[in-house]
Amino acid sequence: MNKPRYLYKSEEFMMIFEFVSEGPKGQIKKMVQYTDTGTENVFNLAFGDYNEKTKNINDLSIANNGDSTKVLATVASTVYAFTEKYPNAWIFATGSTAVRTRLYRMGITNNIEDIKADFDVYGLTTDTNTWVEFIIGEDYEAFLITKK
Amino acid sequence: MTTIEELNQSKIPIIVFDRKLEQFRDKVLFPAKLKKAKEILARAGLPKTKKRFAH
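Residue numbers (this note's numbering), protein chains in the order written: chain A, 2 to 149; chain B, 1015 to 1069.
1) When you check each C-beta in the stretch 1034–1058 of chain B against every C-beta of chain A, which residues fall closer than 8 Å?
2) Which of helix, strand or coil does DSSP assign to M107/A?
3) Identify every residue that forms a DSSP beta bridge with L46/A.
4) Would a check of beta-carbon distances place I113/A closer than 7 Å to chain C?
5) Run down chain B in chain order and give the residues with a C-beta less than 8 Å from the C-beta of G49/A.
6) In terms of residue numbering, what span does the beta strand (DSSP E) encompassing E134/A cover?
7) Near K30/A, which residues of its chain fall below 6 Å by C-beta distance, leaving aside the five closest residues on each side in sequence?
8) If you count every other CB in all the chains shown that lies within 10 Å of the CB of I137/A, and 16 or more means buried, which is it?
9) Name the two residues that bound the continuous beta strand (DSSP E) containing K10/A.
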């Protein structure tokens, strides 16, 4: 995962991360959160834009700040940090929309060699509704990742 | 001072701790995503794997 990424901040438990996207639209604060799903040891990964004025998060916004690859690489690097602290955790991820989910799939596909060196990756098939090992080119509804 | 090269070469990222983020610790910032995750996990279950899900 040697792609350019932003430096980020976190708190003691490494459940919340913050970084700033920089591009033509200016500086946009991004928040990443890992949340207990209620299924033992499975945490939901979510990220989005943080509006400091309204104190609201928007995970549907399309910032068009020209740095989506760098933003995804930064979010991916939080997975390393989170699983370093919680090595037995499983991380669940899905997009807010089908387009976002495909974007995540592309992000995994583009880094699959690096990711599979350190993580087991599963995709939830859209047709049979079952978890399978991630295969490039397949369409998935959601993803599960855990440290090897 | 952290250099970009240093940051980009490390698999385990260099993290700056910020106590201000503790204000979000007990808040669910993405409730719709969490709801969706719970629904999918309830419907699809978990992968059949040797790795245990329990702590």
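For each residue, glycine too, the CB sits at the ideal point set by N, CA and C.
This is what the structure holds:
1) For chain A, the residues of the stretch 1034–1058 of chain B that bring a beta carbon within less than 8 Å of one of its beta carbons are L1035, E1036, F1038, R1039, V1042, L1043, F1044, A1046, K1047, L1048, K1050, A1051, K1052, I1054, L1055, R1057 and A1058, in chain order.
2) Here the question's residue 107/A lines up with position 106 in the first sequence. Judged by DSSP in its simplified three-state form, M107/A adopts helix.
3) Position 45 of the first sequence, counted from the first residue, corresponds to residue 46/A. BP columns for L46/A point to Y35/A.
4) The structure shown contains no chain C; the protein chains it does contain are A and B.
5) Along the first sequence, one-based indexing puts residue 49/A at 48. Chain B residues near G49/A: L1043 and F1044.
6) On the first sequence, position 133 is the one that residue 134/A refers to. Segment W132 to E134, the beta strand (DSSP E) holding E134/A.
7) Looking up residue 30/A in the first sequence gives position 29. Closer than 6 Å at the Cβ level, and outside the excluded window around K30/A, lie V21 and Y51.
8) Residue 137/A sits at position 136 when you count from the first residue of the first sequence. I137/A is exposed by the Cβ-count criterion.
9) Within the first sequence, residue 10/A is the residue found at index 9, counting from 1. Counted as a single uninterrupted DSSP element, the beta strand (DSSP E) harbouring K10/A occupies residues Y9 to S11.
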